[in-house]
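J.: Got a structure here, written out as structure tokens. Questions coming.
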Amino acid sequence: MTDKLIIFDTTLRDGEQSPGASMTLEEKVRIAKNLEKLKVDVIEAGFPIASVGDFEAVKAVADTIKDSTVCGLARAMNGDIDRVGEALAGANSARIHTFIATSPIHMQYKLAMEPDKVLETAVKAVKRAAKFTDNIEFSPEDAGRSEFDFLCEIIEAVINAGATTINIPDTVGYNLPSQFGSLIKRLIENIPNSDKAIFSVHCHNDLGLAVGNSLSAVMNGARQVECTINGLGERAGNASLEEIVMAVRTRQDAFTCDTRIDTTQIVPTSRLVSGITGFPIQPNKAIVGANAFAHESGIHQDGVLKSRETYEIMRAQDVGWDDNKMILGKHSGRNALRTRLLDLGIELESEEKLNEVFKQFKDLADRKHDIFDEDLHALISEVATLHDDEKIKLVSLKVCSETGETPKAIVVLSVDGEEHSTVSEGSGPVDAAFKAIENLVQSRAELKLYSVNNITKGTDSQGDVTVRLSLDGRIISGQGADTDIVIASAKAYINTLNKMSQNIQKEHPQLGDV
Ligand code: KIV
Ligand code: ZN
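Residue 164 in this note's numbering sits at position 154 of the sequence shown, and the numbers go up by one each step.
Set out below in structure tokens:
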């Protein structure tokens, strides 16, 4: 008998906690729709108490998604739990995930609480969550460094209080696979009411062991894995969904469970998340990296041509590599565009919006022959950021770059509705353009990251640029896409400055008090 392995995706919550990975409401809904298509069982949509924007985003995901359970995170506090309950009120299927730290180091320094008080707070939180739903998950944060007897005691108590999923996080990515697997086995064997809950794991990748630890836990009885697309997440990230799913699927000889994931949606979802967050996928990344199925060396190519199984353990098309078909072009009409967008889960709110997107689409199709799904996603992200009330807008950009000459950029910006222009030199055209923008805006922000990726193949591809800026302790990323990478770079810089000017304060779930 094959058990079900529940896939709990936390890209929109833990993934978004990576500095610079914040997403807008529209982007979160777009990713959530793709996760639903991927057949993820549970989508952790965010931490609603963090800010009004986070609340609205969790609510929008809960109101949209029909086939996956939507979950919200809450510290073990009444205010947090009530806010999750409120955000999830419209969900088809809702889950509240509440947590409190249980390791000696976290209890002493972060919470300044005695273990008895931690246990009492956890039980109260689960009971509070039960006012809203009977689908309750409890996590003893930093379980990977907690004392075994205390873990057993608190888990038994929260199950008695109504928790139906017990998630064991290796919060700091400290555990080793054999040790973590044996922890899960011992917990299940020693907690008297363990059969009343599903055991889950949530591993961080600080030592590169998040997937290994998760799989070892599954071999020892865990039946839910928390993971993220592309392994996005705090610090070195979380366990990567695509690696977990494909390891279990490919090695059915070693596992007694399987997921219901539609693996053909893996690559499109991975690209969408990478495009929206601006976190590129390394070429040699398992499953979703550009080289994951490329056979470079002659010996490998020869083997694969004779019999695929000589060097390939999975088929590229099974994880969605072949789905990247050319779809639209210069002669495609509004209906073709609308239909393709709907296929991608993008519903435009009005005919006016469709006209706006269509205009941009035609403009792009004039410069680029084939328009792929990735181009459409980039276009949608761009249209979504082009609000009338945007503080800074790019009016025009001219760069002069020539062998033996210092590159120069002439930039015209509209700032709060007033046009300003300037000229700047730089070590290259992008540097000159950024300096010119800074001359006009004077943000004082420090450039933390600048990266360019081609959205699709070929030299006519749009360049997808990510800029990450830091100012007064805040780190914000922005993006821009264009077939001209200097223009894409200027758009990305301006997009980041506009996000920065919104000055949204967010609370982090794992810092501060309970
Ligand atoms: O890493 C962690 O411990 C978490 C918890 C909130 C589950 O993200
Ligand atoms: Zn985490």
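Ideal placement from N, C-alpha and C gives every residue a C-beta, glycine not left out.
Computed from a predicted model, the values in this text were never measured in an experiment.
Would you say residue 132 and residue 168 are within 8 Å of each other, going by their C-beta atoms?
T.: yes
J.: Report the residue ranges of all alpha helix (DSSP H) runs contained in full by the stretch 147 to 199; include only those spanning at least 4 residues, in chain order.
T.: 158 to 171
J.: Could you give the DSSP three-state label for residue 418: helix, strand or coil?
T.: strand
J.: Are at least three pairs of beta-carbons, each pair with one atom in the stretch 443 to 460 and one in the stretch 261 to 270, less than 8 Å apart?
T.: no
J.: Please report how far the alpha carbon of residue 356 lies from the alpha carbon of residue 64, in whole angstroms.
T.: Taken atom to atom, the span from the alpha-carbon of residue 356 to that of residue 64 is near 21 Å.
J.: By DSSP, does residue 521 sit in helix, in strand, or in coil?
T.: coil
J.: Of the residues 389, 258, 496, which one's Cα is nearest the Cα of residue 372?
T.: 389
J.: Out of 33, 494, 55, 297, point me to the one whose CA is closest to residue 475's CA.
T.: 494
J.: Would you say the beta carbon of residue 181 comes nearer than 7 Å to a heavy atom of ligand 2?
T.: yes
J.: Tell me, please, which residues DSSP counts as bridged to residue 116.
T.: Note: residue 116 sits in no beta bridge, so no partner.
J.: Where do the ends of the beta strand (DSSP E) carrying residue 432 lie?
T.: 428 to 435
J.: So residue 406 is in the beta strand (DSSP E); what residue range does that whole segment cover?
T.: 402 to 410
J.: Report the CB separation of residue 79 from residue 39 in whole angstroms; it is logged as a contact under 8 Å.
T.: That belief does not hold up - the Cβ atoms of residue 79 and residue 39 are roughly 16 Å apart, past 8 Å.
J.: Note down, one range per segment and in chain order, each alpha helix (DSSP H) of at least 4 residues found wholly within the stretch 272 to 360.
T.: If only complete runs of 4 or more residues are kept, the stretch 272 to 360 shows the alpha helix (DSSP H) at 276 to 287, 308 to 316, 344 to 353, in order along the chain.
J.: Does the count of Cβ pairs from the stretch 415 to 431 and the stretch 442 to 450 closer than 8 Å reach three?
T.: yes
J.: Can you check which of these residues, 15, 24, 33, is closest to residue 285 by C-alpha distance?
T.: 33
J.: Got a sec: does ligand 1 put a non-hydrogen atom nearer than 7 Å to the Cβ of residue 341?
T.: no
J.: As a quick exercise: from 505, 220, 192, 202, pick the residue whose alpha carbon is nearest that of residue 247.
T.: 220
J.: Look at residue 23 and residue 67 and say whether their C-beta atoms are less than 8 Å apart.
T.: no
J.: Determine the DSSP secondary structure at residue 370, reduced to helix, strand or coil.
T.: helix
J.: Ligand 2 and residue 243: does the residue's C-beta get closer than 7 Å to at least one heavy atom of that ligand?
T.: Residue 243 Cβ: within cutoff of ligand 2.
J.: Taking 7 Å as the cut-off, is the C-beta of residue 215 nearer than that to any heavy atom in ligand 1?
T.: no
J.: Suppose you measure from the CA of residue 223 to the CA of residue 192; what does that come to, to the nearest Å?
T.: 10 Å
J.: The alpha helix (DSSP H) with residue 12 in it runs from where to where?
T.: Neither: residue 12 is in no alpha helix (DSSP H) and is coded neither H nor E.
J.: State the Cα-Cα distance for the pair residue 506 and residue 93, rounded to the nearest angstrom.
T.: 29 Å
J.: Going by DSSP, which residues form a beta bridge with residue 105?
T.: Beta-bridge pairing links residue 105 to 81.
J.: Going along the chain, which unbroken runs of the beta strand (DSSP E) with 3 or more residues stay wholly within the stretch 230 to 258?
T.: Counting only runs of 3 or more, we get 234 to 237.
J.: Mind pulling the alpha helix (DSSP H) runs of 4 or more residues that sit fully within the stretch 27 to 77?
T.: Whole alpha helix (DSSP H) segments, 4+ residues: 35 to 47, 62 to 74.
J.: Please classify residue 427 as buried or exposed, where buried requires at least 16 neighbouring CB atoms within 10 angstroms.
T.: exposed
J.: Let me know if residue 11 comes out buried or exposed under the rule of 16 or more other beta-carbons within 10 Å of its beta-carbon.
T.: exposed
J.: Are the stretch 108 to 123 and the stretch 149 to 166 touching, with three or more C-beta to C-beta distances below 8 Å?
T.: yes
J.: Can you round the beta-carbon distance between residue 326 and residue 338 to whole angstroms, since I take them to be within the 8 Å contact cut?
T.: That pair is no contact at about 23 Å.
J.: Taking the alpha carbon of residue 176 as the reference point, which residue from 88, 458, 233 has its own alpha carbon closest?
T.: 233
J.: Less than 7 Å between the CB of residue 463 and some heavy atom of ligand 2, yes or no?
T.: No, Cβ of residue 463 sits at least 7 Å from all heavy atoms of ligand 2.
J.: What are the start and end residues of the alpha helix (DSSP H) that includes residue 95?
T.: 88 to 97
J.: Buried or exposed, going by whether 16 or more other CB atoms sit within 10 Å of the CB of residue 416?
T.: Exposed, by the Cβ-count rule.
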